[in-house]
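Chains as they are written, first to last, in our numbering: chain A, 49 to 463; chain B, 60 to 275. Yeah, the Cβ is synthetic: ideal placement off N, Cα and C, and Gly gets one too. All figures in this text were calculated on a predicted structure; none of them were measured in a lab.
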Ligand code: SF4
Ligand code: SF4
């Protein structure tokens, strides 16, 4: 967690006004390892400090925090001296509940982790259970999974960009355009699975039901029209001077720190590290598709925005190929059963490249009907841990867009 | 030149603004209570119980096997099994639910109950205008509110309902054929039994000779 010494070291190097010796004295005086007697983050006031440090609790109900999340920031004027992310407001005991329910019963709960990407959450969990129990996924189901996961990526990235712009002050316009397009994809989800967001569609060894008649044509239409919308979106945003001024050079995350902190997904790729689990693990049938992994260079907010836009274009390539090649056939392994599943004793870790990063599920089976241990590796939470390192020395307004560019969903952070 | 990006963006918004009055791909909003979108066939929100025939309570397909109660992840189904049995669609005597409640304030519309029900007795509904001022009683649906006719189900999910109906009809035919065959076999057996048969030879010793009570 960023609640470590990084604040102290960062204080010396990053804070622009570090030429003021007294401020340095203050940051160094904060000993965060010591159990705090009072609730306040404020250091003991040094009589030599000119002016006072101000502690602000942003959240838990703050429009910029995308949910119930609190940032305790210590400000020197407008500069951030210290930032402590506080989460847990949305804790729903997901892991413990899953240890008490059957394997099948946890699938609808995984929908509610990252509620923008229920399809890919389902996939992560199904993949782990398949590893544990050895079910084979039929060809058609693999294609359906890829199509759903890539549509989910479009939904997630388009929402993220919209919300990021909202954080920057573009009130509504890009977000509403994004939601308009998202709606078309949600309609596809509804037609296939019955629900728009809480899809609960994948099953161990396949998917729950076959695609309805005409679905593929609808999907092709959506995929065909999406690039036009993306072009428009980019014409609206990518060259916009205000966006560039706000985003470039802000919230820079170094490669080394990103790798050491376990950052994954577009956040990591924006720093220029070539790591995409679709390429590394080749889970499902991703080795059959020809797509590139867009990389950023500077690791700032603008790169994160750009990486996501480019990723959407690559997703469209995958979607086109998958919708062209999808075969007829079974949709679920004939041997697979969902009710009363009792995998043999063992453990498995399955991971997928979710839209937000590496989404992993770790299961230990003791041969009974419920998992003995169920653990989620939530990309949102782990990507959030370096928030302080990106924000130190910047202003509150920057912290808001940096948080926006991390792409968190609190349902997944707190579980 | 500084500002070109802004101007280009403005052009885009202008295009969208004008387009939202004409193009169907930009004009997506529906004026809800007056205008409604047709629901998708697969759409789901809360479960209901299917019944056949005219009597909602007699015709319930549910046999109170309680599988759905056990599998429901948030445990929002409450079933009490009946003490007696009633005939189901093929005439086999089955239990029925004495009470069947679903707390839809807890239900998360996951459809697992539907998936696991072996009797196709519980299906997903599409009504969504369920708001109420009573948080407790009004959201706990009882058997009487949950029971909906098969015709309603056919309307909601035509493909699935047609499939189930054909299967049920086949099963019923089979059951009837079997019943008929059984009846015929029985009749035959009875006829054979009734026909004058050669008297079976008395089996000696088959009837145990009464043992004289021991005298003490
Ligand atoms: S609805 Fe189906 S699963 Fe549930 S008790 Fe009735 S027959 Fe059994
Ligand atoms: S839809 Fe899900 S939560 Fe609702 S009653 Fe059925 S199994 Fe339970």
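No residue range can be given for residue 95 (chain B), since it is assigned to no beta strand (DSSP E) and is classified by DSSP as neither H nor E.
Residue 102 (chain A) is classed as exposed because its beta carbon has fewer than 16 other beta carbons within 10 Å across all chains shown. Note that the C-beta distance between residue 458 (chain A) and residue 112 (chain A) is not below 8 Å.
Runs of alpha helix (DSSP H) with 4 or more residues, each lying fully within the region 127-210 of chain A, are found at 142-148, 155-159 and 166-181, listed in chain order. According to the DSSP assignment, residue 410 (chain A) belongs to the beta strand (DSSP E) that extends over 405-413. Contact annotation: in the region 396-424 of chain A, no residue has its CB less than 8 Å from a CB in chain B.
A:158 is the residue among A:187, A:158 and A:189 whose C-alpha sits nearest the C-alpha of residue 141 (chain A).
The three-state reading of DSSP puts residue 356 (chain A) in helix, counting H, G and I together. The Cβ of residue 246 (chain A) sits closer than 8 Å to at least one Cβ of chain B. At a beta-carbon threshold of 9 Å, the residues of chain B lying near residue 280 (chain A) are 71, 74 and 75, ordered along the chain. Taking 8 Å as the CB threshold, residue 428 (chain A) stays off the interface with chain B.
For residue 181 (chain B), the shortest separation between its Cβ and any heavy atom of ligand 1 lies below 7 Å. Within the model, the alpha-carbon separation for residue 220 (chain A) versus residue 175 (chain B) is close to 43 Å. Partner residues in the beta bridge of residue 443 (chain A), as assigned by DSSP, are A:127. Residues of chain B whose Cβ lies closer than 8 Å to the Cβ of residue 242 (chain A) are, in chain order, 99, 101, 102, 103, 170 and 183. Going by C-alpha positions, residue 211 (chain A) is about 6 Å away from residue 223 (chain A). Against chain A, a Cβ distance below 7 Å from residue 87 (chain B) picks out 228 and 231.
Rounded to whole angstroms, the Cβ separation of residue 135 (chain B) and residue 165 (chain B) is 4 Å, and the two are in contact under 8 Å. In this structure, residue 176 (chain A) keeps its C-beta atom at 8 Å or more from the C-beta atom of residue 415 (chain A). For residue 153 (chain A), the nearest beta carbon of chain B is closer than 8 Å to its own beta carbon. Here residue 187 (chain B) is exposed, its C-beta having fewer than 16 other C-beta atoms within 10 Å.
Residue 161 (chain B): member of the beta strand (DSSP E) spanning 156-162, first to last residue.
Annotation for residue 207 (chain B): the continuous beta strand (DSSP E) segment containing it runs 206-208.
Using a cutoff of 7 Å, the CB of residue 125 (chain B) counts as near ligand 1, since one of the ligand's heavy atoms is closer than that.
Within the region 122-138 of chain B, 130 and 132 place their CB atoms closer than 7 Å to a CB of chain A, listed in sequence order. By the Cβ-count criterion, residue 76 (chain B) is exposed, with fewer than 16 other Cβ atoms from all chains shown falling within 10 Å of its own Cβ. Relative to ligand 1, the nearest heavy atom lies less than 7 Å away from the CB of residue 178 (chain B). Annotation for residue 81 (chain B) indicates a beta carbon at 7 Å or more from all heavy atoms of ligand 2.
The closest CA to that of residue 142 (chain B), considering only B:93, B:133, B:155 and B:130, is found on B:155.
At least 8 Å separates the beta-carbon of residue 301 (chain A) from that of residue 253 (chain A).
Under a criterion of Cβ atoms nearer than 9 Å, the residues of chain A adjacent to residue 67 (chain B) are, in order, 283, 284, 287 and 288. Bridge pairing for residue 139 (chain B): B:158 [DSSP]. A Cβ of chain A is located within less than 8 Å of the beta carbon of residue 64 (chain B). Under the three-state reduction of DSSP, residue 146 (chain B) is assigned to strand. By the rule that beta-carbons nearer than 8 Å mark a contact, residue 238 (chain A) touches chain B. Judged by DSSP secondary structure, residue 181 (chain B) falls outside any alpha helix (DSSP H) and instead within the beta strand (DSSP E) spanning 181-183.
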